[in-house]
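Enquirer:
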Amino acid sequence: MNQIYFTDQIIKLGHMGSYVISAIILQLRMEKHFEQSLNKAVEYILLGNEWYVCDIIGERIMGYFLLKEPEKTLPILKNYINDKNGWIVRSVGVASHYAVKKGLGKKYVEVTFYLLLSKTDTKDFHTKKGIGWALKTISKFYPDIIQKFESNLLANPSIQPFFRKKIEIGLSRSSKYGSKYSD
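So my numbering is basically just the index in the sequence shown, starting at one, shifted up by 71.
(1) To the nearest angstrom, report how far apart SER243 and LYS199 are at their CA atoms.
(2) Determine the burial state of ASP126: buried for a count of at least 16 other Cβ atoms within 10 Å of its Cβ, exposed for fewer.
(3) Could you check the C-alpha separation between GLU181 and GLY85 for me, to the nearest Å?
(4) Within 10 Å of its beta-carbon, does GLU102 have 16 or more other beta-carbons around it, so buried, or fewer, so exposed?
(5) Three-state secondary structure (DSSP) at SER93?
(6) For ASN73, which of ARG131, LEU224, HIS104 has the nearest alpha-carbon?
(7) Using beta-carbon positions only, say whether LEU138 and LEU175 come within less than 8 Å of one another.
(8) Rounded to the nearest angstrom, what separates ALA94 and SER162 at their Cα positions?
Okay, structure coming up:
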């Protein structure tokens, strides 16, 4: 049976578990069907049209792909961050959170951080939550990256207080987690 047909049928059920199962199947297809799996992830996020759908799929597909294939995934996330749909933009934050938490290489974390900063002027509630989650995670695991950008962060008036607070929260937890990953 065709895997995509199967995931499409599961998604049509509309249950939370449907998204988990379908996302895991798409995750397993990464090596041979990278782009098709990402395209399906976007389709399912748009179809689900809820924060939890975005988070389930964003972590398990976009986040997993970023962790395992950052060179291939980052250019795609750079397109997603400017998508007209807020769920797709949020998925970049969710993906970044997942990949950083699971050990994304530091040089990719820095690129990801810079990418996320491009959306710190957003007013959309759900987008703010996704991007903020990722900024908090980066701050928690890589406080040195935050220090590197600190003068820009302080001088940039477009970075909303919400995001500054998320970074502060992450930094407050960095003494426990900051040395977990070293490159």
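No residue lacks a Cβ here, since even glycine has one placed at the ideal position from N, Cα and C. Keep in mind it's a predicted model, so treat the numbers as computed, not measured.
Expert: If we stick to the structure as given:
(1) 20 Å
(2) With 16 or more other Cβ atoms within 10 Å, it is buried.
(3) 36 Å
(4) exposed
(5) helix
(6) That would be HIS104, whose Cα lies nearest to the Cα of ASN73.
(7) yes
(8) So the alpha carbons of these two residues sit roughly 13 Å apart.
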